[in-house]
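Each remark here refers to the structure printed beneath this line.
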Amino acid sequence: QSLIPETSLNMSAGIVFTGLDGFLTTLDFYQIDVDDRLLLTPSRDTTPAERAALAALGFPNGPDIEQVRYFQNEMDTRVRGFDLVSTYRHRWSSIASTDFSLAVNYNEQHLRGSPPPGFSPAIVTEFERGTPRWRGNFSTTTRIGDFAVMGRAIHYGAWRRLDGNSFLPRKEVTLFDAELTYSGIRNVDLSIGARNLFNIFPPDRGAARARTG
């Protein structure tokens, strides 16, 4: 069927907190309803008649295409969540200070109404839980004269990945970054550090998956 544009209705509300000198926190809630959302269908097997039709159209490798998927407008979805952002600067002396930064996001995605053809309960579950609902980022940067030391923790909540007919649960994980910066040279910052300091990677999915990336 011919595709049509998605439509959406967005609602949001926010609160701002100020108190101590150098302290600021914002809390924003939101809901986004999307109608006629464009998503790829699950893969389905082609029939001999369809492969013959593709060949007749001159489609490249038409007779050999065994599975197809295509975009559709048949899903209505709702996303709800909130963003919390908080910053604070504490001055230890005239040449020393520490910046604290916290950002937290919670995000739920749901299918509104019945799933379209081809979307099994497992596929719907992956659609709704296939990304972490919780994400967080906490960092501190301490500056003393021309030097700055940064530490950061990045947190991802649990999620699920569909693998064949079963789910691969992904546990929550926290990654760490660190960096040392020298700013004593005019117009130049020199930094050394590490991203993913403790070398955390997703769990192995087996040799067959490794061969296909």
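Per this note's numbering, residue -19 is the first one in the sequence shown, and the count goes up by one each step.
In this text, a Cβ means the ideal position worked out from N, Cα and C, and glycines have one as well.
Bear in mind the structure is a predicted one, so any value in this text is a computation, not a measurement.
Buried or exposed: where does Phe99 fall if 16 or more other Cβ atoms within 10 Å of its Cβ makes it buried?
Along the sequence shown, one-based indexing puts residue 99 at 119. Under this definition Phe99 is a buried residue.
Let me know the secondary structure DSSP gives Glu(-14) once reduced to three states.
On the sequence shown, position 6 is the one that residue -14 refers to. DSSP places Glu(-14) in coil when its eight states are reduced to three.
Assuming Ser146 and Thr161 make a contact with CB atoms under 8 Å, what is their CB distance in whole Å?
Taking the sequence shown and counting its residues from 1, the one referred to as residue 146 is at position 166. Taking the sequence shown and counting its residues from 1, the one referred to as residue 161 is at position 181. About 46 Å separates the two Cβ atoms, so there is no contact after all.
Would you call Thr57 buried or exposed, if buried means 16 or more other Cβ atoms sit within 10 Å of its Cβ?
Indexing the sequence shown from 1 puts residue 57 at position 77. With 16 or more Cβ atoms within 10 Å of its Cβ, Thr57 is classed as buried.
Mind checking which residues open and close the alpha helix (DSSP H) that includes Ile103?
Taking the sequence shown and counting its residues from 1, one reaches residue 103 at position 123. Secondary structure note for Ile103: its alpha helix (DSSP H) is the uninterrupted segment 101 to 109.
Buried versus exposed, by CB contacts within 10 Å (16 or more), Arg175:
Within the sequence shown, the letter at position 195 stands for residue 175. By the neighbour-count rule (16 or more Cβ atoms within 10 Å), Arg175 is not buried but exposed.
I think Glu88 touches Arg60, with their Cβ atoms under 8 Å apart; what is that distance to the nearest whole Å?
One-based indexing of the sequence shown puts residue 88 at position 108. One-based indexing of the sequence shown puts residue 60 at position 80. With a Cβ gap of about 5 Å, Glu88 and Arg60 count as contacting.
Which of helix, strand or coil does DSSP assign to Glu46?
Numbered from 1 along the sequence shown, position 66 holds the residue referred to as residue 46. Reduced to three states, the DSSP call for Glu46 is coil.
When the Cα atoms are used, what is the spatial distance from Val129 to Asn85?
One-based indexing of the sequence shown puts residue 129 at position 149. One-based indexing of the sequence shown puts residue 85 at position 105. In this model, Val129 and Asn85 are separated by some 25 Å (Cα to Cα).
From the DSSP output, which residues share a beta bridge with Asn85?
In the sequence shown, the residue the question calls residue 85 occupies position 105. Looking at the DSSP assignment, Asn85 forms a beta bridge with Asp63, Arg115.
Buried or exposed (CB count within 10 angstroms, at least 16 for buried), Arg109:
Numbered from 1 along the sequence shown, position 129 holds the residue referred to as residue 109. The residue in question, Arg109, is buried, as its Cβ has 16 or more Cβ neighbours within 10 Å.
First through last residue of the alpha helix (DSSP H) which encompasses Pro28:
If you number the sequence shown from 1, residue 28 lands on position 48. First-last of the alpha helix (DSSP H) with Pro28: 28 to 36.
Report the rounded CA-to-CA distance for Lys151 versus Leu18, giving the unit in angstroms.
Position 171 of the sequence shown, counted from the start, is the residue given in the question as residue 151. Position 38 of the sequence shown, counted from the start, is the residue given in the question as residue 18. Cα to Cα, Lys151 sits roughly 29 Å from Leu18.
Nearest CA to the CA of Thr27: which residue from Asn179, Glu46, Phe156, Ile180?
Against the sequence shown, residue 27 aligns to sequence position 47. Residue Glu46 is the option with its Cα nearest to Thr27.
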